[in-house]
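Line by line, the protein sequences are chains A and B. All residue numbers for the first sequence refer to the numbering used here, where the first residue is 1 and numbers rise by one. All residue numbers for the second sequence refer to the numbering used here, where the first residue is 1001 and numbers rise by one. For each residue, glycine too, the CB sits at the ideal point set by N, CA and C. Right, one structure below, let's go through it.
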Amino acid sequence: AQSVTQLDSQVPVFEEAPVELRCNYSSSVSVYLFWYVQYPNQGLQLLLKYLSGSTLVKGINGFEAEFNKSQTSFHLRKPSVHISDTAEYFCAVSDTSNTGKLIFGQGTTLQVKP
Amino acid sequence: NAGVTQTPKFRVLKTGQSMTLLCAQDMNHEYMYWYRQDPGMGLRLIHYSVGEGTTAKGEVPDGYNVSRLKKQNFLLGLESAAPSQTSVYFCASSYSRPPRFYGYTFGSGTRLTVV
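See below:
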């Protein structure tokens, strides 16, 4: 069975500082990995995804993530955050069955301070 | 193009009451999912469907039932609501599954309180 662990429940950071949100996964087979963002009182939006190929993937709003198979990690980074990046971020891994199920981490709240 | 629409957006139920949450998508997606979101627990899969007329249990199915009579609709039912079912419920859909998989489209959620 697959699982996802987001290592930080809350990450406070000042505006224009860099940020990294950490995600580790466990799986005995190949996986597909995703980061979603949830703004207050909204649904989830896809930030970026890793399906195959280059291990560095770029997403929307200046975010990027690096797939590290040996460390089973998929950390999300942004070089300079804005107030508008304040949100909850979810890492997710696909179930490799034919169901398309996503398994989500517990979420990390990014708090950007002025 | 509305995407994924959930109704209602808010609801307060008394313990023991029943209700149905509706999820409708207009993207001709084959796969549909119901998740619940609780603080500190992320999203947990309740039930899912890989096509019209098919449903299956997810991680936390107890107390819920689902139906997918039409491809575009996925209904989540609570037969006898309990306070433990107080949560935010999200519906999601996807066109395909891995490896041709591009993630989910989510609805905006239903906030349910059971008193």
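Check                                                                                                                                                                                : Outcome
Consult DSSP for GLY62 of chain A and reduce its assignment to one of helix, strand or coil.                                                                                         : helix
To the nearest angstrom, how far is it from the Cα of LEU56 of chain A to the Cα of GLU64 of chain A?                                                                                : 7 angstroms
For ARG49 of chain A, which residues in chain B fall below 9 angstroms Cβ to Cβ?                                                                                                     : With the sequence shown as reference, residue 49 of chain A is identified as Lys, and Arg is not the correct amino acid for it. What LYS49 of chain A touches in chain B: PHE1101, TYR1102 and GLY1103.
Hey, is the segment 42 to 53 of chain A in contact with the segment 1093 to 1110 of chain B, meaning 3+ C-beta pairs nearer than 8 angstroms?                                        : yes
Exposed or buried, which one is PHE14 of chain A when buried takes at least 16 other CB atoms within 10 Å?                                                                           : exposed
Evaluate SER1093 of chain B with the Cβ neighbour count: other Cβ atoms within 10 Å of its Cβ, from every protein chain shown; 16 or more gives buried, anything less gives exposed. : buried
Per the DSSP calculation, PRO12 of chain A is bridged to which residue(s)?                                                                                                           : A:GLN111
Just the chain B side, please: which residues come within less than 9 angstroms of PHE34 of chain A by C-beta, in chain order?                                                       : GLY1103 and TYR1104
Going by Cα to Cα distance, which pick from A:SER27, A:LYS78, A:CYS91 and A:LEU51 is closest to VAL112 of chain A?                                                                   : A:LYS78
Is the beta carbon of THR99 of chain A less than 8 angstroms from the beta carbon of SER26 of chain A?                                                                               : no
Give the C-beta separation of GLN106 of chain A and GLY1040 of chain B to the nearest angstrom, bearing in mind that I take them to be a contact with Cβ-Cβ under 8 angstroms.       : 6 angstroms
Residues of chain C with CB closer than 9 angstroms to the CB of PHE1090 of chain B, please, in chain order.                                                                         : You won't find chain C in this structure, because its protein chains are A and B.
So, at 6 angstroms on beta carbons, what are the nonlocal neighbours of GLN2 of chain A in its own chain, with the 5 sequence-adjacent residues on each side left out?               : SER27, VAL93 and ILE103
Does any residue of chain B bring its CB to less than 8 angstroms from the CB of ASN98 of chain A?                                                                                   : yes
Mind pulling the chain B residues with CB within less than 8 angstroms of LYS101 of chain A?                                                                                         : TYR1033, LEU1045, TYR1048 and GLY1058
Where do the ends of the beta strand (DSSP E) carrying GLN6 of chain A lie?                                                                                                          : 3 to 6
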